[in-house]
Structure formats: C-alpha cells, structure tokens
Amino acid sequence: MPPQDFDGAVFAAARDLPEESLRYGAVFACRESDFMEAVMPFIELKDVRKEYVMGEVKIVASDGVSFSIEKGEFVIIVGPSGAGKTTVLNILGGMDSCTSGEILVDGREISKYDRRQLTLYRRNDIGFVFQFYNLIQNLTALENVELAAQICKDPLDAAAVLEEVGLGERMNNFPAQLSGGEQQRVSIARALAKNTKLLLCDEPTGALDYITGKQILQLLQDTCRRRGMTTVVITHNMALAPMADRVIRIKNGKVDYIRENPAPTPVGQIEW
Ligand code: ADP
Numbered sequence: 345m346p347p348q349d350f351d352g353a354v355f356a357a358a359r360d361l362p363e364e365s366l367r368y369g370a371v372f373a374c375r376e377s378d379f380m381e382a383v384m385p386f387i388e389l390k391d392v393r394k395e396y397v398m399g400e401v402k403i404v405a406s407d408g409v410s411f412s413i414e415k416g417e418f419v420i421i422v423g424p425s426g427a428g429k430t431t432v433l434n435i436l437g438g439m440d441s442c443t444s445g446e447i448l449v450d451g452r453e454i455s456k457y458d459r460r461q462l463t464l465y466r467r468n469d470i471g472f473v474f475q476f477y478n479l480i481q482n483l484t485a486l487e488n489v490e491l492a493a494q495i496c497k498d499p500l501d502a503a504a505v506l507e508e509v510g511l512g513e514r515m516n517n518f519p520a521q522l523s524g525g526e527q528q529r530v531s532i533a534r535a536l537a538k539n540t541k542l543l544l545c546d547e548p549t550g551a552l553d554y555i556t557g558k559q560i561l562q563l564l565q566d567t568c569r570r571r572g573m574t575t576v577v578i579t580h581n582m583a584l585a586p587m588a589d590r591v592i593r594i595k596n597g598k599v600d601y602i603r604e605n606p607a608p609t610p611v612g613q614i615e616w
C-alpha cells in the first residue's frame with residue numbers, strides 16, 4: 345500500500361500492518377521523515393558512473409558503483425590510490441556530479457540537483473573533513489569554526505564544539521600556532537558545528553603521525569556514536585577496517601566488496 349499524504353506533512357506508514365488491518369482501512373499516521381527512515385537506507389548509490397574526459401582520453405573514475413549506508417553508521421571506504429574513493433566521496437558530498445546513476449541521501453535524489461540545490465546541500469547537509477585541514481590561516485580556530493557555522497541553517501555554538509573536540513584552551517590560536525592534529529580537530533569542529541546528519545572525511549589522518557592519527561580516528565568514531573551522525577571515512581589503510589560498521593572496498597572504480605561488521609573494534613585496540 346502506498347503512503348498517503350495528509351497536508352504534505354503526515355504519512356500513513358502502512359508497510360508493516362497485517363493484511364487484516366489494511367482490509368479494514370486502519371491507518372497509522374507518522375511524520376514523513378519517520379516513514380522514509382523506516383523504509384529506505386540513509387544513503388543509496390545506484391550504478392554510479394563518473395567519466396572525466398581530458399582531450400582524447402576518457403578516465404572512468406567510477407564504473408557502476410552501488411552501495412547503501414544506514415543512518416548513524418561509521419563507514420570506511422578503503423582501496424588503493426587511484427581506485428576512485430575520492431570521486432565517490434565528492435559526488436556524495438555534492439562537490440562533483442555523476443555522469444550517470446542515482447544518488448539518494450535521506451530520501452532525496454541529489455543526483456538530480458542543479459547547481460543551486462547542490463550549493464544548499466553542501467552548506468546545510470554536509471560536514472567535510474579534508475586531509476590537509478583547509479583552514480583559513482588568518483582566522484583563529486574559533487573564527488574558522490564560526491565562519492562555517494554562520495552560513496548554515498541550524499548551527500551549534502562554535503566554542504562549545506571546540507571544547508568537545510578538546511580545544512577549549514586553544515580557541516584563540518591561529519592555525520600556524522597549532523600542531524597538525526590540533527588543526528585537524530579544528531577542521532572536525534568546523535564540520536560538526538554545521539550540525540549536519542552526514543560527515544564525510546577524505547583521508548583525515550593522511551598527514552598525521554601514527555599516534556595523532558589514532559586520536560583523530562578515535563574522535564571521529566566517538567562523535568559518530570555520541571551524535572548518531574552518519575560518518576564516512578576514506579582511507580587506504582586496510583588495518584582500520586575492524587573499526588567500522590561497514591567497509592566498502594573500491595578497486596578500479598568498482599565496488600570490490602562490502603562487509604558489515606556487527607561488533608566494531610574501538611580504534612584504540614587496533615594496531616597497524
Ligand atoms: P582515490 O581517491 O582512490 O585515490 P580518485 O577518486 O582521486 O582515487 O581518482 C580516481 C581516478 O580518477 C584517478 O585515475 C584520477 O586520476 C582520476 N581523476 C580524479 N579526479 C579527476 C579530475 N578532476 N579530472 C581527471 N581525472 C580525475
């Protein structure tokens with residue numbers, strides 16, 4: 345039975361009703377978002393293809409990638425350099441568009457979005473963490489976080505989020521006065537302050553030493569659990585796979601395999 349629309353705000357989730365109830369026209373009302381959550385994965389990529397054309401040469405960076413991710417999962421996308429990991433993350437984050445295929449995020453088909461819709465999607469729905477932090481050098485840690493918070497709909501308090509990532513004492517420092525790990529914490533705070541449901545991290549520990557990298561991964565894993573925030577982390581380090589709820593391995597632009605992990609390991613217990 346299809347959902348019924350009441351004032352565009354309320355849906356009848358009749359999916360799980362016994363046959364008997366449907367026959368007598370019983371209807372249980374719930375919010376549209378609840379209905380979506382009950383029936384759809386939070387993220388779904390269906391046969392996503394991305395081609396880059398450079399003169400005579402065509403590079404197929406994504407070659408029919410399909411996977412789904414449930415709300416609140418900590419996901420690792422792993423694979424060798426050049427496999428197509430960043431391409432997938434950029435498309436998911438609205439920074440690039442696919443040549444063909446479908447991308448659904450939280451019930452919306454972002455692969456159909458125009459430029460303006462993608463701008464709003466990046467602004468309001470995505471927190472992004474980059475390998476080299478991408479902080480503005482002449483703004484303090486606090487100002488970097490405030491700047492990002494200012495352009496989105498429902499931001500969190502910048503100072504409170506900096507406290508949360510362990511930088512309460514360093515808010516007034518400029519990036520050059522902070523270590524690599526501290527700068528990455530600022531960049532995570534900047535993403536978290538946007539108060540989005542989805543956090544995308546592209547090799548967030550790629551520029552950090554072993555111990556600092558581990559602390560950053562711990563922060564991401566804890567934040568995902570505490571906030572129930574769907575988190576996708578790209579890495580080429582296969583040893584990190586046990587920390588994720590779901591591991592998606594990409595090879596030559598295709599999904600090599602997907603593994604679900606019912607009992608993820610805290611990153612502190614993983615050695616590599
Ligand atoms: P990974 O993140 O796994 O290292 P990428 O997604 O960055 O892989 O790249 C996949 C392939 O697509 C590579 O061959 C890369 O050179 C190519 N590629 C990525 N971005 C572009 C681009 N903007 N223009 C042309 N080729 C690109």
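Sequential numbering of the sequence shown, starting at 345, is according to the numbering used here. Quick reminder that beta carbons are idealized off the backbone N, C-alpha and C, glycines included.
Can we say the region 550-562 touches the region 514-521, given the rule of at least three CB pairs closer than 8 angstroms?
Two segments are said to touch when three or more pairs of C-beta atoms, one from each, lie closer than 8 angstroms; by this definition the region 550-562 does not touch the region 514-521.
Could you tell me if M398 is buried or exposed, where buried requires 16 or more neighbouring beta carbons within 10 angstroms of its beta carbon?
Exposure of M398 is indicated by the presence of fewer than 16 other C-beta atoms within 10 angstroms of its C-beta.
Measuring alpha carbon to alpha carbon, tell me which of G416, G445, G438 and A485 ends up nearest L389.
Taking only the C-alpha atoms, the option nearest L389 is G445.
What separation, rounded to the nearest whole angstrom, lies between the Cα atoms of S412 and V489?
Answer to the nearest angstrom: the Cα atoms are 30 angstroms apart.
Classification of T463 by the beta-carbon crowding that lies within 10 angstroms, buried from 16 upward
In summary, T463 is exposed, with fewer than 16 beta-carbon neighbours lying within 10 Å of its beta-carbon over all protein chains present.
V422: buried (16+ other C-beta within 10 angstroms of its C-beta) or exposed?
Its Cβ being crowded by 16 or more others within 10 Å, V422 is buried.
May I have a chain-ordered list of the beta strand (DSSP E) segments no shorter than 3 residues that lie completely inside the region 443-524?
Whole beta strand (DSSP E) segments, 3+ residues: 444-449 and 470-473.
Rounded separation between T556 and Y457 - CA only
Between the alpha carbons of T556 and Y457 lies a distance of about 38 angstroms.
Considering just the uninterrupted stretch of the alpha helix (DSSP H) at T575, what are its terminal residues?
Premise fails: T575 lies in the beta strand (DSSP E), T574 to T579, not in any alpha helix (DSSP H).
Residues near A503 by beta carbon distance below 7 angstroms, same chain, minus five either side:
L486 and M515.
For the beta strand (DSSP E) that contains E407, what are its first and last residues?
Before going further, note that residue 407 is Asp rather than Glu in the sequence given. Unbroken beta strand (DSSP E) run through D407: V401 to I413.
Does the beta carbon of L502 fall short of 7 angstroms from some heavy atom of ligand 1?
The displayed chain sequence assigns Ala, not Leu, to residue 502. Between ligand 1 and A502, a heavy atom-to-CB distance of less than 7 angstroms is absent.
What does the alpha-carbon distance come out to for the pair E507 and Y465?
Separation of E507 and Y465 (C-alpha to C-alpha, rounded to the nearest whole angstrom) is 27 angstroms.
Is the CB-CB distance between T579 and G471 below 8 angstroms?
For T579 and G471, no; Cβs fall outside 8 angstroms.
Touch check for the region 422-431 and the region 591-599: three-plus C-beta pairs under 8 angstroms?
Using a Cβ-Cβ distance cut-off of 8 angstroms, the region 422-431 and the region 591-599 are in contact, since at least three pairs of beta carbons, one from each stretch, lie closer than that value.
Report the rounded CA-to-CA distance for C442 versus D391, giving the unit in angstroms.
Answer to the nearest angstrom: the Cα atoms are 10 angstroms apart.
Per DSSP, cross-strand counterpart(s) of M398:
For M398, which the question treats as bridged, DSSP gives the partners V401.
For ligand 1, is there a heavy atom less than 7 angstroms away from the beta-carbon of G426?
Look at G426: its beta carbon is less than 7 angstroms from one of the heavy atoms in ligand 1.
Spatial distance of V509 from E526 (CA atoms)
Looking at the two C-alpha atoms, the distance is approximately 9 angstroms.
Looking at the unbroken alpha helix (DSSP H) that takes in K429, where does it start and where does it end?
Membership of K429 in the alpha helix (DSSP H) is indicated by the continuous run K429 to L436.
Could you round the C-beta distance between L564 and T574 to whole angstroms and report it? I think they count as a contact, below 8 angstroms.
In this structure L564 does not touch T574 by the C-beta definition: roughly 12 angstroms separates them, more than the 8 angstroms allowed.
For ligand 1, is there a heavy atom less than 7 angstroms away from the beta-carbon of M439?
Answer for M439: no, Cβ out of range of ligand 1.
Taking the straight line between their C-alpha atoms, what separation do you get for G438 and G612?
About 32 angstroms.
Between C545, V505 and Q559, which has its C-alpha nearest R534's C-alpha?
For the residues C545, V505 and Q559, the minimum Cα distance to R534 belongs to V505.
For ligand 1, is there a heavy atom less than 7 angstroms away from the beta-carbon of K390?
False, no ligand heavy atom lies under 7 angstroms from that Cβ.
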